[in-house]
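Okay, structure first, notes after.
Numbering (the numbering used here), first residue to last: 127 to 278.
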């Protein structure tokens with residue numbers, strides 16, 4: 127394992143998440159004041175889940191990066207694009223309180239991640255499986271976002 131490459135692969139998604147969290151600082155108060163659906167988790171759970179998901183994303187991107195597959199560059203571009211969309215979603219949801227547009231962004235993110243998963247599976251199945259919790263969480267986030275849009 128190339129230690130430096132592995133560490134950079136972990137840092138990139140964690141940094142994306144940290145910057146997004148910094149920009150949306152104190153916006154979890156907004157979440158606590160929303161009419162949330164029955165299955166809405168407490169606000170303190172989100173940073174824990176996202177940290178774990180970003181770590182899994184980083185590990186999966188590492189496996190893609192070290193592969194010798196000719197499609198790895200395209201896979202990493204799609205990976206980077208989904209990280210960008212992932213970064214944008216909380217800005218629209220928490221800072222702008224635009225629940226409809228954040229819902230549309232989340233749908234775009236889910237579609238991009240599904241595409242990424244298809245590519246990742248062909249290159250390195252471990253990368254695919256490491257992202258299963260991510261796509262499941264995104265579908266749960268879709269439910270939350272949709273219900274918050276309807277109820278608020």
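Note that CB positions come from ideal geometry on N, CA and C, so glycine has one too. Values in this document were obtained by computation on a predicted structure and should not be read as measured data.
Secondary structure at residue 264: helix, using DSSP grouped into helix, strand and coil. Around residue 249, the same chain offers 190, 193, 195, 197, 198 and 201 as residues with beta carbons nearer than 7 Å, after the five sequence neighbours per side are excluded.
Rounded to whole angstroms, the separation of the alpha carbons of residue 209 and residue 277 is 28 Å. With the rule of 3 Cβ pairs closer than 8 Å, the region 221-233 counts as touching the region 256-273.
From the listed residues 213, 175 and 182, the smallest Cα separation to residue 147 is found for 213. Residue 212 sits in a helix when the DSSP states are folded into three classes.
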